[in-house]
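Below: the structure, in C-alpha cells.
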Amino acid sequence: MVEAATLPTTRDEDWRYSDGEYLTSADPAELNHWRMIEVPAGETFREAESYLSGQTMDRLRVHVGKGGRFEAFATIAGGKYSRVEIEVTLEEGAHFEFGGVTLGGGDKVQEFVTRTIHAHPNATSNQVVRAVQWGQATGNFLGRIEVARDAQKTDAAQNFRAILLEKGASANTKPELEIFADDVLCAHGAAIGQLDEQASYYMAARGIPPEIARKLMIQAFIGDAFEAITDDALRERMLEDTLALLDTEAV
Amino acid sequence: MLKIDNLHATVGETEILKGLTLEVGAGEVHAIMGPNGAGKSTLSYVLGGRPGYEVTQGSVEFMGQDLLDMEPHERAATGLFLGFQYPVEIPGVSNVQFLREALNAQRASRGEEPLSGGDFLKLAREKAGLLKLDMEMLKRQVNVGFSGGEKKRSEMVQMGILDPKFAVLDETDSGLDIDALRIVGDGINTIMRDSAKGVLLITHYQRLLDVVRPDKVHVLAKGRIVKTGGPELALQLESEGYEAVAA
Chain A
14 MVEAATLPTT RDEDWRYSDG EYLTSADPAE LNHWRMIEVP AGETFREAES YLSGQTMDRL
74 RVHVGKGGRF EAFATIAGGK YSRVEIEVTL EEGAHFEFGG VTLGGGDKVQ EFVTRTIHAH
134 PNATSNQVVR AVQWGQATGN FLGRIEVARD AQKTDAAQNF RAILLEKGAS ANTKPELEIF
194 ADDVLCAHGA AIGQLDEQAS YYMAARGIPP EIARKLMIQA FIGDAFEAIT DDALRERMLE
254 DTLALLDTEA V
Chain B
98 MLKIDNLHAT VGETEILKGL TLEVGAGEVH AIMGPNGAGK STLSYVLGGR PGYEVTQGSV
158 EFMGQDLLDM EPHERAATGL FLGFQYPVEI PGVSNVQFLR EALNAQRASR GEEPLSGGDF
218 LKLAREKAGL LKLDMEMLKR QVNVGFSGGE KKRSEMVQMG ILDPKFAVLD ETDSGLDIDA
278 LRIVGDGINT IMRDSAKGVL LITHYQRLLD VVRPDKVHVL AKGRIVKTGG PELALQLESE
338 GYEAVAA
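These protein sequence lines are chains A and B, in that order. So the first sequence is numbered by our numbering: it starts at 14 and just counts up by one. So the second sequence is numbered by our numbering: it starts at 98 and just counts up by one.
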C-alpha cells in the first residue's frame, strides 16, 4: 500500500479523537511509518511495550500465517499525544490477542487503534483495553473488526472499559464491525465509569487509606488487559511499570 | 471505650439521630434493638464515618479521642471495626490482598512493622480455622459471588485478622441460617469477648443474643435511646413488640 504524503486531520474517522495540534505539525515521514511484522504459519510472536514517557507514534502492520499467533500488550502512559495502532491480518486458524492500557492526566491524549482483518476461516481474536484518565486527559480505543466473506467460524471479541478519576477527563470508543460471513461470533462491550465509592469506603472501614484503596482498585481494573500474558514475570512487570506512574503522576 | 453524647445526625435534609446518648465500657457487649427506620444503621454509618452522613450536634469519644474528627481509615486504625449489613464486592482484589493491605496499613499507623506474606497467611489460616471457614474463600475476590452467609462469615474472618478493640456490628445476623448464625455468634464471642474490648451489636432478633449474651440492651426509636435494660429486655421485646415496650 502506498501512503499518501498528506497528514490526516480530525475529520478523518480513524483520527477523530486524536490531538489536532499534533496532526498539524507532525512529520509525515514519522506519522506514515509502519513497522512490519510477519508471523510465520504455526508460530507465536509477542510484542510487549510500555510507552511510559515521551510522545509515541507506533504503527504496526502484522500478517499472521496459518495457525500462527500474534500477541500485543501495551501501556500508554507518557507524552502529550500517543497513538499505538495495530493492523493485523489473520490467515486460517490464526489468533490475535491484544491487551492495552492508557493511563494519564494533564491534557494527554492517548489512544489505541486496531484493525483486525479476519481474512480466512477459523481465525480468532480477543482485545481488552482499559483506560484510566484524570485531569483533562482523554483515552481512546478505536477498534475495527473486518470479517471477509469466506472467513466462516470467526470468533472475535473486543472489550473496552474506562475509569475517569476526575471531572474533566474523558474516554471515547468506537467499535466497528464489518461482517461479510454468516457463521461468525463477534462480541464487543464498552463501559465508562468512575471508581466505586462503596468499595473505597469499605476499604477505608478496614483501615486502608484512600490512596492505597485507589491503587488496589486501579490495579484490579487494568489487570484485565494483561490477564492473557502467560509469562508471570512479564505480566507483573507490565503492571508494576504502569502502576508506578500512578504514584508519581496522579492527583 | 465508646462514649456517645447527645448525637444528632442528618442524611440530606432529614434528621435521623435526635440526641442519642450511649456509653459502652471495656469488657462489655451492648445490643441495640429497634423498629425499622429508628436510625440503627445510621448510627453505625456515623460511627464509621460514611460519606453523606452529617453530624450536626453532639460528640463521640472513642478510646479517649474525638472519633468524629478522624477519617474512616484512621478510625479503623484506632481499633474500630464496622461490620457491614451489606458487605461490598471488590472485583479483582482477593481477600488475602485486601486484608493484608488493611492489616499492614493499620500496623503502619501504629508504628509497627508490616507482616510478611508468610506471616500473614499463617495468621489468616489460624483465624479462618477458628471460624470454620476454608482458606479457599480467602483466595477468592472480596465478596464477589459470595452467598449472604459467606459474606457475613467473611466479615467475621476480617474481624479476627484485624483484631479490633471495638466492633460495631450492623445486623450481622440478617440473612443467616441457624448454623451460620451460630458460627457468627461464636466468632463474636471468640474474637471480642475480652476485658479490654467492647461490642455494639445492632440487631432485630433475639436469636443472635442467645449466643452472644449482651450485658445491656438498648431500644432505639425515633433517633434516641428510649429504654435500657439487661438481657431480659430483649426477651420482653421479642414477646411484646417495640410498640408496647418502648412507648
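Using N, Cα and C, we set each Cβ at its ideal position, and we do this for glycine too.
Contacts that residue i makes with chain A (C-beta to C-beta distance below 9 Å)
i, result
"F345 of chain B", "The first residue shown for chain B is 98 and the last is 344, placing residue 345 of chain B beyond what the model contains."
"A173 of chain B", "A217, A218, R219, G220 and I221"
Pairwise C-alpha distance: residue j and residue i
i, j, result
"V190 of chain B", "I231 of chain A", "10 Å"
"A293 of chain B", "K262 of chain B", "7 Å"
"F173 of chain A", "A217 of chain A", "28 Å"
"Y339 of chain B", "G215 of chain B", "50 Å"
"I129 of chain B", "L306 of chain B", "11 Å"
"L20 of chain A", "V193 of chain B", "52 Å"
"K313 of chain B", "E125 of chain B", "8 Å"
"G119 of chain A", "A144 of chain A", "14 Å"
"V309 of chain B", "A225 of chain B", "20 Å"
"R250 of chain A", "E186 of chain B", "27 Å"
"E104 of chain A", "E84 of chain A", "15 Å"
"L44 of chain A", "G106 of chain A", "32 Å"
"M14 of chain A", "E26 of chain A", "Below a pLDDT of 50, predicted positions are generally treated as unreliable, and M14 of chain A, at 46, falls in that range; no measurement from the model is reported."
"V101 of chain A", "K79 of chain A", "13 Å"
"R219 of chain A", "G146 of chain B", "12 Å"
"M49 of chain A", "A90 of chain A", "24 Å"
Helix, strand or coil at residue i [DSSP, three-state]
i, result
"K249 of chain B", "helix"
"H315 of chain B", "strand"
"E221 of chain A", "Reading off the sequence shown, one finds Ile at residue 221 of chain A, where the question assumed Glu. DSSP places I221 of chain A in coil when its eight states are reduced to three."
"V193 of chain B", "helix"
"Q146 of chain A", "strand"
"R250 of chain A", "helix"
"N139 of chain A", "strand"
"L36 of chain A", "helix"
"F239 of chain A", "helix"
"A90 of chain A", "coil"
"E105 of chain A", "coil"
"H105 of chain B", "strand"
"E51 of chain A", "strand"
"H301 of chain B", "coil"
"R147 of chain B", "coil"
"K262 of chain B", "coil"
"A159 of chain B", "Reading the sequence as shown, one finds Phe at residue 159 of chain B and not Ala. Note: F159 of chain B maps to strand in three-state DSSP."
"T167 of chain A", "coil"
"V308 of chain B", "helix"
"V75 of chain A", "strand"
"E209 of chain B", "coil"
"V15 of chain A", "Model confidence at V15 of chain A stands at a pLDDT of 47, short of 50, so the residue's coordinates are unreliable and nothing is read from them."
"A330 of chain B", "This sequence places Leu at residue 330 of chain B; Ala is not what is there. If DSSP states are grouped into helix, strand and coil, L330 of chain B belongs with the helices."
"N201 of chain B", "helix"
"M167 of chain B", "coil"
"G131 of chain B", "coil"
"P21 of chain A", "coil"
CB contact check: residue i to chain A, cutoff 8 Å
i, result
"I288 of chain B", "no"
"V309 of chain B", "no"
"V281 of chain B", "no"
"Q154 of chain B", "no"
"A202 of chain B", "yes"
"T128 of chain B", "According to the sequence as given, residue 128 of chain B is Ala; it is not Thr. No, because no Cβ of chain A sits closer than 8 Å to the Cβ of A128 of chain B."
is_contact[residue i, chain B] using C-beta, thresh 8 Å
i, result
"L252 of chain A", "no"
"A54 of chain A", "no"
"G202 of chain A", "no"
"F173 of chain A", "no"
"M14 of chain A", "Because the pLDDT of M14 of chain A is 46, which lies under 50, any placement of that residue in the model is unreliable, and the number read from its coordinates should be weighed accordingly. So, not an interface residue."
"I99 of chain A", "no"
"I225 of chain A", "yes"
Under 7 Å by beta carbon: chain B residues contacting residue i
i, result
"A144 of chain A", "Simply none; closest approach about 16 Å."
"P222 of chain A", "H170 and A202"
Residues that residue i contacts on chain B, provided the C-beta gap is smaller than 8 Å
i, result
"Q207 of chain A", "None at all; the shortest Cβ gap to chain B is about 14 Å."
Residue i: contacting residues in chain B (beta-carbon distance under 9 Å)
i, result
"L229 of chain A", "I187, G189, V190, Q194, F195 and E198"
"A212 of chain A", "V185, E186, I187, P188, V190 and V239"
CB contact below 8 Å: residue i versus chain E
i, result
"P148 of chain B", "No chain E appears in the structure shown, which is made up of the protein chains A and B."
Residues that residue i contacts on chain A, provided the C-beta gap is smaller than 7 Å
i, result
"G145 of chain B", "A218"
Note down, in chain order, all residues in the segment 248-262 of chain B with a beta-carbon under 7 Å from any beta-carbon belonging to chain A. Q255 and L259
Closer than 8 Å, Cβ to any Cβ of chain B: which residues of the segment 231-242 of chain A, in chain order? Within the segment 231-242 of chain A, the residues whose Cβ lies closer than 8 Å to some Cβ of chain B are Q232, A233, F234, G236 and D237, listed in chain order.
Please list, in chain order, the residues of the segment 200-234 of chain B that have any C-beta partner in chain A closer than 8 Å. From the segment 200-234 of chain B, only L200, A202, Q203 and S206 have a Cβ closer than 8 Å to chain A.
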